[in-house]
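Line by line, the protein sequences give chains X and V.
Numbered according to our numbering, the first sequence spans residues 1 to 295.
Numbered according to our numbering, the second sequence spans residues 1 to 256.
Using N, Cα and C, we set each Cβ at its ideal position, and we do this for glycine too.
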Amino acid sequence: MNSKVSDRIATGVFVLLASIIVLLLVSLFGYILVRGVPHISLDFLTTESSTVSAGGGIRDQLFNSFYVLFITMLITVPLGVCGGIYMAEYAKPGKLTNFIRSCIEMLASLPSIVVGMFGLLIFVNTFDWGYSIIGGALALTIFNIPTMVRVTEDSIRSVPGELKEASLALGITHWHTIKTVILPSAFPGILTGAILAAGRVFGEAAALLFTVGLSTPRLDYGNWNPFSEDSPLNLMRPAETLSVHIWATNTNGIIPDIDAVSAGASAILILSVLLFNLIARWLGSVIHKKYTASK
Amino acid sequence: MELAEKDAVFNIFDMNLWYGDFQALHNLHFSIKKNEVTAIIGPSGCGKSTFIKTLNLMINMVPGVKMSGEIKYQDRNILQGSVDLVQLRKEIGMIFQKGNPFPQSIYNNVAYGPRIHGIKQKKKLDEIVEQSLKDVALWEEVKDRLDSNAMGLSGGQQQRLCIARAIATKPDVILMDEPTSALDPISTLKVEKLITKLKEDYTIVIVTHNMQQAARVSDKTAFFLNGEIVEFSDTDSLFSNPSDKRTEEYITGRFG
């Protein structure tokens with residue numbers, strides 16, 4: 001067989017594989033959206049969910065998802081970025097660093113259900129917080145820190161060494177160099193990583209089942225005092241998120257419109273994650289352009 | 001040369017450097033004079049870049065480096081004890097092989113050093129930026145777009161911007177590590193003209209693999225080979241009348 005023929009075969013195989021992936025994705029997306037979008041309405045998004053009768057919405061679940069996401073990122077991003085800076089700039093190659101790195105990798109490969117169990121034992125039981133947003137957010141933090149550390153470390157390492165050299169050669173201290181030269185250049189990568197992590201958090205159910213619970217108390221959206229029992233901002237309240245709601249409705253829901261609710265909620269979920277990804281790409285490229293002055 | 005020369009900026013005595021077990025520099029012994037351009041030439045791997053990086057201790061970034069001997073700068077041996085790297089590098093600026101501006105505005109690139117070293121007033125910074133850019137003959141080319149990103153400049157402009165950035169912190173010495181190796185002939189000429197001009201105010205050490213460049217811009221030339229100084233003398237005499245056979249072979253292009 002001559003090389004031209006094998007080249008054509010190779011091209012053909014790769015095109016075929018790529019088409020299969022695209023086809024899978026499109027059909028999955030299409031299926032969820034076609035089934036779900038007809039059920040999405042303003043009403044669906046703004047009414048409380050119902051436990052027995054038809055016509056319930058996903059207002060609280062949607063809010064909970066975003067709120068848990070927000071709190072999680074509030075904890076994850078600073079911790080993860082600091083960890084990444086340490087790994088990229090301060091950690092000296094050696095046993096300790098290798099140990100830390102394997103710990104991070106191990107943490108990254110923990111099944112999320114195990115993280116959920118850990119959250120149940122520590123936050124819910126030992127700390128006696130009960131099902132709470134803060135417990136869920138901390139469980140998700142455990143789940144997300146490895147990604148955040150890794151993304152930050154990689155972004156910092158991909159900053160050209162000449163920039164660091166240039167700054168140090170000007171007599172700028174290491175910390176100042178990190179702050180004014182390295183982090184700004186690594187920022188697009190870190191941001192993209194953070195948004196992708198956000199997408200994962202948004203879709204996560206297993207780690208939240210045992211930490212934020214399967215219910216939401218009656219919320220008063222007019223009450224913005226985070227210490228009040230019925231405030232949506234209260235960190236100590238249980239908060240069923242969208243993905244948990246989909247799971248719960250499907251496994252033990254008794255409402256007559258199970259299919260409609262879970263299809264609609266799934267569509268919203270997938271659209272949100274899609275949105276996160278698109279925003280990540282767009283923001284990343286905008287900032288990259290700004291920093292490199294490329295067109 | 002037993003006594004330190006009076007108008008010398010660096011006095012190097014018996015200096016050795018190792019990367020792990022490999023000795024990269026052997027018993028270096030010479031002086032670099034104030035307001036002169038000292039060129040360091042030699043084939044690849046002869047230790048010339050290693051040497052220039054020891055002058056501002058950028059070499060410390062390389063893991064496993066060991067040094068002995070003396071590099072006296074302002075009557076202090078910078079190879080011993082704790083040296084204030086911030087102060088040292090403020091006084092000894094460095095230009096690298098490839099222009100490495102920060103991906104920020106032209107203005108911020110030049111203002112970066114002075115700003116972090118404590119100059120806050122906008123007016124003062126403006127002056128420094130303008131003066132530094134004028135010194136490197138870049139002002140006319142960029143004065144209308146100081147806010148645009150420095151990455152949009154051409155390679156030659158980027159390198160001159162880096163020189164402006166280095167002189168903005170008012171150093172005494174400027175180290176240049178093959179500053180024109182990535183530039184086209186016209187940009188190279190501009191940088192060379194600049195070096196001749198900067199000599200009035202600064203002491204310059206330039207590493208170059210381009211012998212014509214060394215001959216054009218420098219007052220003194222040191223020829224390095226395998227980590228040793230083979231010959232160090234006035235540029236004119238080194239090129240016209242080398243005393244060592246190896247120097248002659250190198251500058252006539254028989255090896256290297």
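- Nearest in C-alpha terms to Phe143 of chain X, of all of X:Ser109, X:Trp129 and X:Gly171, is X:Ser109.
- Burial of Tyr73 of chain V is indicated by the presence of at least 16 other C-beta atoms within 10 angstroms of its C-beta.
- Annotation: the continuous alpha helix (DSSP H) that includes Gly80 of chain X extends over Arg59 to Ile85.
- Contact check for Gly227 of chain V against Leu183 of chain V fails: the beta carbons are separated by 8 Å or more.
- The continuous beta strand (DSSP E) containing Phe30 of chain V extends over residues Phe22 to Lys33.
- A residue is called buried when at least 16 other Cβ atoms come within 10 angstroms of its Cβ; Met1 of chain X does not meet this threshold and is exposed.
- For Lys197 of chain V, the number of other beta carbons within 10 angstroms of its own is below 16, and it is reported as exposed.
- In the three-state reduction of the DSSP assignment, Tyr131 of chain X falls in the coil class.
- Its chain contains Thr177 and Val181 as the residues whose beta carbon lies nearer than 6 Å to that of Ser167 of chain X, once the 5 sequence neighbours on both sides are disregarded; these appear in chain order.
- Met1 of chain X carries a coil assignment under DSSP once its states are collapsed to helix, strand and coil.
- Residue contact with chain V for Glu165 of chain X: present (Cβ-Cβ distance below 8 Å to some residue of chain V).
- Cβ neighbours of Ile40 of chain X within its own chain (closer than 7 Å, five residues either side excluded): Gly264, Ala267 and Ile268.
- Look at the stretch 160-192 of chain X: the residues with a C-beta under 8 Å from a C-beta of chain V are Pro160, Glu162, Leu163, Glu165, Ala166, Ser167, Leu168, Ala169, Leu170, Gly171, Ile172, Thr173, His176, Thr180, Val181, Pro184 and Ser185.
- The three-state reading of DSSP puts Val136 of chain V in coil, since its state is none of H, G, I, E or B.
- For the 8 Å CB-CB criterion, Ile113 of chain X and His245 of chain X do not form a contact.
- Nearest C-alpha to Trp175 of chain X among X:Ile85, X:Ala10 and X:Thr46: X:Ile85.
- Linking Gly284 of chain X to Ile195 of chain X through their CA atoms gives a straight-line distance of about 10 Å.
- Flagged as an interface residue toward chain X: Thr169 of chain V, by a C-beta distance shorter than 8 Å.
- Between the alpha carbons of Asn225 of chain X and Thr47 of chain X lies a gap of roughly 22 Å.
- DSSP places Asp177 of chain V in the uninterrupted beta strand (DSSP E) bounded by Val173 to Asp177.
- A Cβ-Cβ separation of about 13 Å leaves Ala168 of chain V out of contact with Pro101 of chain V under the 8 Å criterion.
- For Ser68 of chain V, the enclosing beta strand (DSSP E) begins and ends at Val65 to Tyr73.
- Proximity of chain X to Gln87 of chain V at the Cβ level (cut-off 9 Å) is accounted for by Gly171, in chain order.
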